Amino acid sequence: MKNYKIILIAVLVVGIASCKNRQKIAKAEEQMNSLSTENEDSTFVNDAFSDLEDDFDVVEVSDTNEIKQDKSDVTYAVLERGACFGRCPIYKVKIFADGKATYEGINFVDLMGRHETEFTADELSLIEEKAFEFKLDTMSKVYDQPMVTDLPTTIIGVTVNGKYKQIKMRHKYPETLRSYRNFIEELIQSKTWTPIVSNRE
Numbered sequence: 003m004k005n006y007k008i009i010l011i012a013v014l015v016v017g018i019a020s021c022k023n024r025q026k027i028a029k030a031e032e033q034m035n036s037l038s039t040e041n042e043d044s045t046f047v048n049d050a051f052s053d054l055e056d057d058f059d060v061v062e063v064s065d066t067n068e069i070k071q072d073k074s075d076v077t078y079a080v081l082e083r084g085a086c087f088g089r090c091p092i093y094k095v096k097i098f099a100d101g102k103a104t105y106e107g108i109n110f111v112d113l114m115g116r117h118e119t120e121f122t123a124d125e126l127s128l129i130e131e132k133a134f135e136f137k138l139d140t141m142s143k144v145y146d147q148p149m150v151t152d153l154p155t156t157i158i159g160v161t162v163n164g165k166y167k168q169i170k171m172r173h174k175y176p177e178t179l180r181s182y183r184n185f186i187e188e189l190i191q192s193k194t195w196t197p198i199v200s201n202r203e
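Residues in the sequence shown are numbered from 3 upward in steps of one, following my numbering.
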């Protein structure tokens with residue numbers, strides 16, 4: 003019987019904070035007070051618990067505790083070309099895990115302003131396959147020399163084996179990284195980009 007008391011007390015404490023019907027709480031309290039150590043009948047305890055249970059907002063929680071992230075918010079690949087002292091193309095491309103992509107032409111490019119397109123599942127797979135082929139996952143995150151000033155900065159980001167890798171390429175980077183950049187640029191240029199008024203951040 004002590005166990006029943008403990009259970010009922012716990013339910014009452016939670017019920018006070020979140021139960022919508024206070025009259026049922028009062029009823030449950032009266033039934034708790036009528037308990038005696040000699041009475042082993044749990045019928046009215048169950049009734050009190052049922053009355054309270056009806057008024058709770060029940061939220062089911064997955065056993066796996068998994069939170070599925072919206073693929074439209076997950077960055078899959080990135081290509082950014084920066085400025086130099088001359089007429090280097092300046093633009094940004096971001097490809098999301100659902101295939102949607104955004105482009106921003108900033109300077110010295112044919113396509114100026116904000117645009118969008120969509121990559122197919124096969125194209126997304128090819129982006130990752132090429133990154134794996136050129137071993138981007140094993141490369142350093144930065145290839146740069148601050149003392150050398152007149153060089154444009156390129157940022158390449160790509161998801162390989164489920165992990166996002168971003169590389170800054172500016173000075174003395176592997177030739178395979180240049181090849182991958184050229185591949186991404188050709189793929190971007192092959193797409194039809196539609197102008198948009200607003201864009202993802």
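Built from N, CA and C at the ideal position, the CB exists for glycine as well. From a predicted model like this one, the values you see are computed outputs, not experimental measurements.
Candidates Lys73, Phe87, Val95, Ala85: closest to Glu187 by CA position: If we check each option's Cα against that of Glu187, Val95 comes out closest.
Residue burial classification, Arg83 (beta-carbon count within 10 angstroms, cutoff 16): With 16 or more other Cβ atoms within 10 Å, it is buried.
Lys165 versus Thr178: straight-line alpha-carbon distance, rounded: Computed Cα separation, rounded: 20 angstroms.
Same chain, Cβ closer than 8 angstroms to Gly115, five either side skipped, listed in chain order: Contacts found: Glu106, Gly107, Pro197.
DSSP state of Thr178 mapped onto helix, strand, coil: Residue state, collapsed to three classes: helix.
Cβ separation of Thr155 and Tyr78, assumed to be a contact under 8 angstroms, to the nearest whole Å: Wrong, their Cβ atoms sit about 21 angstroms apart, outside the cutoff.
Where Ile190 falls, given that 16 or more other Cβ within 10 Å makes a residue buried: When all chains shown are included, Ile190 counts as buried.
Integer-rounded CB distance, given that Lys73 should sit under 8 angstroms from Thr119: Actually they are not in contact, since the Cβ atoms of Thr119 and Lys73 sit about 16 angstroms apart, beyond 8 angstroms.
Beta-carbon proximity check, Lys170 vs Asp146, cutoff 8 angstroms: Their beta carbons are under 8 angstroms apart, which means Lys170 touches Asp146 by this criterion.
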